[in-house]
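Structure record follows, encoded as structure tokens.
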Amino acid sequence: MNASGAKIAITGCGSFTPTQVITNDDLGRLVDTSDEWIRTRTGISHRHLASPDTSLSDISAQAAQEAIAMAGLTPKDIDLIILATSTPDDLFGSAAKVQQLLGAYNAVAFDLTAACSGFVFALITAAQFIRTGVYQRVVVIGADILSRWIDWSDRNTCVLFGDGAGAVVCQANLHEDRLLGFDMYSDGRQHHSLNLSYGGQEKTLKDEITISQGTYHPITMNGREVYRFAVAKVPEVIERALFHANISRDDIDWLILHQANQRIMCAVAQRLKIPSEKVIANLEEYGNTSAASIPIALDEAVRDGKIKTGDVIASSGFGAGLTWGAVIFRWGI
Ligand code: UT7
70 MNASGAKIAI TGCGSFTPTQ VITNDDLGRL VDTSDEWIRT RTGISHRHLA SPDTSLSDIS
130 AQAAQEAIAM AGLTPKDIDL IILATSTPDD LFGSAAKVQQ LLGAYNAVAF DLTAACSGFV
190 FALITAAQFI RTGVYQRVVV IGADILSRWI DWSDRNTCVL FGDGAGAVVC QANLHEDRLL
250 GFDMYSDGRQ HHSLNLSYGG QEKTLKDEIT ISQGTYHPIT MNGREVYRFA VAKVPEVIER
310 ALFHANISRD DIDWLILHQA NQRIMCAVAQ RLKIPSEKVI ANLEEYGNTS AASIPIALDE
370 AVRDGKIKTG DVIASSGFGA GLTWGAVIFR WGI
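Structure, rendered in structure tokens:
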């Protein structure tokens, strides 16, 4: 699934995480849980949470700004902004607000919703615009503030999630095609496993005309079902993306999975026979930041000097929908 067309490189990354931090012990004072349970079952010890005056658009713009600077570009060079989020400031979309905050007035901007697969789906979407020659410089952002949609009295979910934003710049590249392969799936039959659903009450406007009015309700998740799905489907979709990229699992330098659970990451790496030293994980510090988790992990590893130009990265996002996807790329130009 690596169609011919313009060559692509991922040339910059950036991220932003809020400064407020909540620990496992803090959560132990809110619900019936413990540091020991959370660490052993998930690998998480902290999460960063957005303050009331922080907007999704703000944190997205901060991450994008860093990515644009690393790519050696200015916001006015950007043609397209895709914001992957399930928690926009505005249901009509937040991407255009991010465009305004960046001053990226030559770009068109839109939101894309695919929950924790959002960043991978957005990156693949961006690639199609570059391949076809329509756009040359695209910013892809994954950002979520799930703390606003969590039931903080539900121990099944409140221990898992954190807030943050990450971004990359994808560019048409003259030299070499660095986006090597991808694959993506959805299965609505398992939609019930993970939801942040609208729920309303009937309101009668006039005789025989009734509508619903309400709001979105906190996240519900069947953790075991989602766990089983992830461990089965993620290795499979990475194998397929590797097949499209025409490379083998031994060629992978780094595995960056959606940061949902340390046990999922270990099980996937084991199935793919990828040694644990190649698995990039920052879940302990941030928890599950949904669409932001992959670009935050990528950004940290690039800035730490772990990921070097030319390294092959296999990345996979998975989550509500259910949705899942993988992308294989070489970092940098
Ligand atoms: O980003 C979207 C993708 N999401 C995911 O990938 C999440 C996938 N699922 C998971 O990561 C895991 O299923 C969880 C971490 C959510 C749960 O771990 P688990 O090992 O599957 O636990 P469980 O749901 O099977 O629950 C085991 C026990 C239950 O008690 P009983 O019924 O055995 O008495 C739960 O009530 O653990 C209990 N439990 C807790 N205990 C202490 C559930 N949550 C907690 C908690 N603290 N926070």
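Counting with the numbering used here, you get residues 70 to 402 for the letters of the sequence shown.
Ideal placement from N, C-alpha and C gives every residue a C-beta, glycine not left out.
Which runs of the beta strand (DSSP E) spanning at least 3 residues fall entirely within the region 129-199, listed in chain order? The region 129-199 contains these whole beta strand (DSSP E) runs: 149-153 and 177-181.
Rounded Cβ spacing between Ala75 and Arg200 (contact assumed at less than 8 Å): Along the sequence shown, one-based indexing puts residue 75 at 6. Along the sequence shown, one-based indexing puts residue 200 at 131. Right, their Cβ atoms sit about 6 Å apart.
Below 8 Å CB to CB, which residues in the same chain sit around Ser345 once its five sequence neighbours on both sides are set aside? Looking up residue 345 in the sequence shown gives position 276. These residues qualify, in order along the chain: Cys335 and Ala338.
Going by the C-beta, is Ala299 closer than 7 Å to any heavy atom of ligand 1? The sequence position of residue 299 within the sequence shown is 230, counting from 1. Yes; taking the cut-off as 7 Å, the Cβ of Ala299 has a heavy atom of ligand 1 nearer than that.
Cα-Cα separation between Asn71 and Ile77, rounded to whole angstroms: Your numbering for residue 71 matches position 2 in the sequence shown. Your numbering for residue 77 matches position 8 in the sequence shown. Its pLDDT being 48, under 50, Asn71 is placed unreliably by the model, and nothing is read from it.
In terms of alpha-carbon separation, which member of Gly97, Ala236 and Ala383 lies closest to Asp223? Here residue 223 corresponds to residue number 154 of the sequence shown, with the count starting at 1. Nearest Cα to Asp223 within the set Gly97, Ala236 and Ala383: Gly97.
Spell out a yes or no on whether the region 286-303 and the region 260-270 are touching, meaning 3 or more CB-CB pairs, one atom from each, closer than 8 Å. With a cut-off of 8 Å, the region 260-270 and the region 286-303 count as touching, because enough Cβ pairs lie within range.
In three-state terms, what does DSSP make of Val295? If you number the sequence shown from 1, residue 295 lands on position 226. Correct three-state label for Val295: helix.
Helix, strand or coil, according to DSSP, for Asp127 in the structure here? Here residue 127 refers to the residue found at position 58 of the sequence shown. For Asp127, the three-state secondary structure derived from DSSP is helix.
Confirm the yes/no value for this check: CB of Leu229, any heavy atom of ligand 1, distance under 7 Å. Counting from 1 along the sequence shown, the entry for residue 229 is found at position 160. Yes, the Cβ of Leu229 comes within 7 Å of a heavy atom of ligand 1.
Relative to the C-alpha of Ala370, which residue among Gly386, Val348, Ser385 and Phe387 is closest? Mapped onto the sequence shown, residue 370 falls at position 301. Closest by alpha carbon: Val348.
Taking the alpha helix (DSSP H) that Gly202 falls in, what are its first and last residues? Here residue 202 refers to the residue found at position 133 when the sequence shown is read from its first residue. No alpha helix (DSSP H) holds Gly202; DSSP gives it neither H nor E.
Restricting to Cα atoms, I'd like to know which of Ile397, Pro144 and Arg372 is closest to Val381. On the sequence shown, position 312 is the one that residue 381 refers to. Of the candidates Ile397, Pro144 and Arg372, the residue whose Cα lies closest to the Cα of Val381 is Ile397.
Can you determine whether any heavy atom of ligand 1 sits closer than 7 Å to the C-beta of Leu263, and answer yes or no? Start at 1 with the first residue of the sequence shown, and residue 263 comes out as number 194. Annotation for Leu263 indicates a beta carbon within 7 Å of some heavy atom of ligand 1.
Where Asn71 sits in the DSSP three-state scheme: Translated into positions along the sequence shown, residue 71 becomes position 2. Interpretation of Asn71 is limited by its pLDDT of 48, a score under 50 that renders its predicted location unreliable; the figure taken from the coordinates is listed afterwards. Residue state for Asn71 is assigned as coil, using DSSP reduced to three classes.
Near Ser120, what residues of its chain come up, given a Cβ to Cβ distance below 7 Å and the 5 sequence neighbours on each side ignored? In the sequence shown, residue 120 corresponds to position 51, counting from 1. So the list reads Pro87 and Gln89, once near-sequence residues are dropped.
When you measure from the CB of Tyr355 to every non-hydrogen atom of ligand 1, does any distance come out below 7 Å? Residue numbering aside, residue 355 sits at position 286 when the sequence shown is read from its first letter. Between ligand 1 and Tyr355, a heavy atom-to-CB distance of less than 7 Å is absent.
In the structure shown, what three-state DSSP assignment does Arg224 receive? Taking the first residue of the sequence shown as position 1, residue 224 is located at position 155. Residue state for Arg224 is assigned as helix, using DSSP reduced to three classes.
Report the rounded CA-to-CA distance for Lys302 versus Ile278, giving the unit in angstroms. Counting from one through the sequence shown, the residue named residue 302 turns up at place 233. Counting from one through the sequence shown, the residue named residue 278 turns up at place 209. Between Lys302 and Ile278, the C-alpha separation is close to 44 Å.
Skipping 5 residues on each side, what residues in its chain have a beta carbon closer than 8 Å to that of Glu308? Here residue 308 refers to the residue found at position 239 of the sequence shown. So the list reads Arg318 and Leu341, once near-sequence residues are dropped.
Whole-angstrom distance between Asp104 and Arg116, CA atom to CA atom: Taking the sequence shown and counting its residues from 1, one reaches residue 116 at position 47. Taking the sequence shown and counting its residues from 1, one reaches residue 104 at position 35. When rounded, the distance between both Cα atoms is 13 Å.
Reduced DSSP secondary structure (H/G/I, E/B, other) of Ser362: Your numbering for residue 362 matches position 293 in the sequence shown. In the three-state DSSP reduction, Ser362 falls in the helix class (H, G or I).
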